[in-house]
DNA sequence: AATGAATGAGTATTCATTCAT
DNA sequence: AATGAATGAATACTCATTCAT
């Protein structure tokens, strides 16, 4: 009497199952976005029954969280390794290494992070509406370069960076009201100006605060 | 035949109705996030019937888009005004003004932008998972300040800004593959280092640190 | 151009729709029991879409409650009418009328009440397990009749009644603990004895518990 | 090879395991009702694995049945013992003993019986919808007492008993159609009237109703 | 005998969208 | 233009039951 060989073992180490489900979810989230992905898609992708999903996660949001956590851990590990490879004294080097490692890790998984954290709409509306703002900044940077006020190699990329940073800073500030608008503004303004390669315009401002002793 | 005068006019100028619906939607998106907001919530908030929504918009995504457009327009208007108020030659001033205006406009509507664009999850779970990464960067900045490698007043805020910028830059890059990883990395690295108050590390760098003249 | 005549009006007075759904639910609950009846069965029975159910009720339990309320109202109306038809002074007549009206109303809708209130299992297990207890009481009543201790026409029916009453009384008592077991016991005992046509065992009980004389 | 002695014996006498499962089920049925109790709750309560349940019972209904059987047996044993303790000739005494024993046994396990047999909804909605009917009867009994038509010490309790008995009688009748409505009505009516005691027990009570002091 | 991971049919519930009035 | 009752496809989630170990 022939018995079909048990192709797939009925049970697996829990951690392994969990990982498989997470991986299937990740794959689908990346491919089609979070919202349009149904629990059933995930279980089909992981080759388990629907109920099995709920043995490991309580909802789609739950996997999303697990995915985010996993990503953050890995990212931190990479960055830490990169920074520690440099001598303690080389601060700029370490900072640069930090940036490099982070960019690299993100590039490795590209849209993943965004997706994991923001629930990544299928495609942030082809052509990001922010664009009109970023383009405006980009033009300012380019014009300034033209006028030799500063020298920016890639105005568009820089504009994107600055805008993204600004956005984050304001959002973060909004998270802990009341917002000290003056401080926030000064700080952002300072980074903008320094980032294009100049000192913050200390001029007129009498003394908002600290003076060199 | 006497008709009691209609308390609420059954019809209104279309533009006005449209605005009312948008405002109701905005209010709700801000309060509870986009996904959990039902069309019916919006119409209830705008004090119109459910069907009326579809007279002005074709879907929730449609209002979201309209909201985003309106925000972007206003933002651009404010920034432009601020920049144009300065003399053409004052490039740094103009850049600073740009930043100021943008921060200010965002603060005006705080979470709005993020919500409108990212479908804002109810609240990125108090304490943004990115935090562990940002905290790491923050510590690096603080340590460097302690070691007088640079001088950062607000390491946490700066970390948030830099991380946000980095994130945007990578994301943007990912949008138009193939990514020139080398360039991207170099650019981000450069902004990081400049932002903390130094020139990009030209490697040859004789003096790691700026001295006050 | 032929238009199919609108057979079924798309909308109806809310109260009417609600009634139709309740009626469909009742019909099904009676036929197959509450648990096995799916919401979809109900909507199919009422010839409405599934969603319509939730426009009028929030769950199956909700309809069940509405059904119970409706039944109680009708029952009360019938009883009240019957009692008021008799002269105020005729107390026994009124009590008898009460009983008659209640029995009659229940018979009208037979299993309905039970179903509405207890969620009526499809069939209280053909042959009610209580039977062995009731049979025991029934035999006692019959034996007593044989011994001319009393005269009971229908021992089985009486046993059912007494057992049902006893059950209700204990259950009700259990509802408001602490239970005064002594009182409850005395009361039930008294009704038992009176119901078979005698006076309660006259009070003589001096001590709470029996002693040998 | 040394194996640590198993703390909990992996196997037990079957009868014992079975009892443990029944007890766990009973406890849960009493606490939260039958329907909301999951098989898994039961096995957790009995400290066995899910699969073990199916080694002893085939379904939830199966345990329910076993529980009911066990209860009926015990009840019958107690009643029989109580009745047999009295001399054969003392019929009223025996009837009274029957009632006492039954009440006592029920009180011992309070809600158990009802739950085991009727699938006891979590709690027949605090305040039994029947109440409006029972209250009506209760008022009639009280009024009659006031008018010295009879003397009922506890009108509410008596109403509960009579209503419960009536309900059972009708339900039982409905079980074996065709119903002889005339007989049923006469019988119930008779019990009602007898149960309140034919003559107004005028005895001790000086004034039937409260007077203002 | 006992376990508990895995299964998947069964169902309740939601909500964007339509359309007769 | 406005309404809101009605729709029903889409989906999340449950839980009794099985079975490989």
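Residue numbers (the working numbering), protein chains in the order written: chain A, 1180 to 1392; chain B, 1180 to 1392; chain C, 1180 to 1392; chain D, 1180 to 1392.
Note that the Cβ used here is the ideal one computed from N, Cα and C, for glycine as well.
Being a predicted model, the structure only gives us computed values, none of them experimental.
Assigned exposure category for residue i - 16 Cβ within 10 Å defines buried
i                       : result
residue 1343 of chain B : buried
residue 1190 of chain C : exposed
residue 1328 of chain A : buried
residue 1320 of chain C : buried
residue 1369 of chain B : buried
residue 1336 of chain D : buried
residue 1222 of chain B : buried
residue 1261 of chain A : buried
Residue i to residue j span [Cα, whole Å]
i                       : j                       : result
residue 1252 of chain A : residue 1210 of chain B : 31 angstroms
residue 1240 of chain B : residue 1204 of chain B : 11 angstroms
residue 1287 of chain A : residue 1361 of chain B : 13 angstroms
residue 1192 of chain B : residue 1250 of chain B : 22 angstroms
residue 1281 of chain B : residue 1234 of chain B : 34 angstroms
residue 1195 of chain D : residue 1201 of chain D : 10 angstroms
residue 1226 of chain D : residue 1199 of chain D : 9 angstroms
residue 1316 of chain D : residue 1246 of chain C : 22 angstroms
residue 1363 of chain D : residue 1352 of chain D : 8 angstroms
residue 1278 of chain C : residue 1243 of chain C : 26 angstroms
residue 1314 of chain B : residue 1248 of chain A : 15 angstroms
residue 1367 of chain C : residue 1346 of chain C : 10 angstroms
residue 1339 of chain D : residue 1272 of chain C : 20 angstroms
residue 1341 of chain B : residue 1372 of chain B : 10 angstroms
residue 1254 of chain A : residue 1238 of chain C : 47 angstroms
residue 1297 of chain B : residue 1216 of chain A : Summary for residue 1297 of chain B: the model assigns pLDDT 46, below 50, so the residue's position carries little reliability; its value from the coordinates is reported in the next sentence. Those two C-alpha atoms are separated by around 17 angstroms.
residue 1214 of chain B : residue 1263 of chain C : 60 angstroms
residue 1365 of chain A : residue 1236 of chain B : 40 angstroms
residue 1376 of chain A : residue 1349 of chain B : 21 angstroms
residue 1333 of chain C : residue 1220 of chain D : 45 angstroms
residue 1331 of chain C : residue 1324 of chain C : 6 angstroms
residue 1310 of chain A : residue 1268 of chain B : 25 angstroms
residue 1270 of chain A : residue 1326 of chain A : 33 angstroms
residue 1318 of chain D : residue 1230 of chain B : 53 angstroms
residue 1312 of chain D : residue 1256 of chain C : 10 angstroms
residue 1359 of chain D : residue 1322 of chain D : 32 angstroms
residue 1266 of chain A : residue 1212 of chain B : 46 angstroms
Cβ distance (whole Å) where residue i is taken to contact residue j below 8 angstroms
i                       : j                       : result
residue 1374 of chain D : residue 1374 of chain C : 5 angstroms
residue 1258 of chain A : residue 1228 of chain A : Residue 1258 of chain A to residue 1228 of chain A, Cβ: 39 angstroms. No contact.
residue 1218 of chain D : residue 1208 of chain D : Rounded, the Cβ-Cβ distance is 12 angstroms, inconsistent with contact.
residue 1224 of chain C : residue 1206 of chain C : 6 angstroms
Chain-ordered neighbours of residue i on chain B, where CB pairs are closer than 7 angstroms
i                       : result
residue 1343 of chain A : 1343, 1344, 1346, 1347 and 1348
residue 1316 of chain A : 1277
8 angstroms Cβ cut-off: residues of chain B touching residue i
i                       : result
residue 1366 of chain A : 1332, 1333, 1336, 1337 and 1340
residue 1438 of chain A : Residue coverage of chain A in this structure runs from 1180 to 1392, which leaves residue 1438 of chain A outside it and unanswerable.
Within chain A, the residues that residue i reaches when beta carbons sit closer than 8 angstroms
i                       : result
residue 1371 of chain B : 1274, 1275, 1277 and 1278
residue 1245 of chain B : Simply none; closest approach about 11 angstroms.
Chain-ordered neighbours of residue i on chain A, where CB pairs are closer than 7 angstroms
i                       : result
residue 1376 of chain B : 1373
residue 1281 of chain B : 1345
residue 1363 of chain B : 1282
Chain C contact residues for residue i, given Cβ-Cβ distances below 7 angstroms
i                       : result
residue 1218 of chain D : By Cβ distance, chain C contributes nothing, its closest Cβ being about 16 angstroms from residue 1218 of chain D, past 7 angstroms.
Neighbouring residues, chain B, relative to residue i (Cβ below 9 angstroms)
i                       : result
residue 1328 of chain A : 1268, 1269, 1270, 1271, 1273 and 1274
residue 1323 of chain A : 1270, 1271, 1273 and 1274
Per-residue contacts from residue i into chain A (C-beta, under 9 angstroms)
i                       : result
residue 1235 of chain B : Correct list: empty, because the minimum Cβ distance to chain A is about 20 angstroms.
residue 1255 of chain B : 1311, 1312 and 1315
Chain D residues whose Cβ lies nearer than 7 angstroms to that of residue i
i                       : result
residue 1351 of chain C : 1339
Chain C contact residues for residue i, given Cβ-Cβ distances below 9 angstroms
i                       : result
residue 1204 of chain D : Per Cβ cutoff of 9 angstroms: no residues; residue 1204 of chain D is ~16 angstroms from chain C at best.
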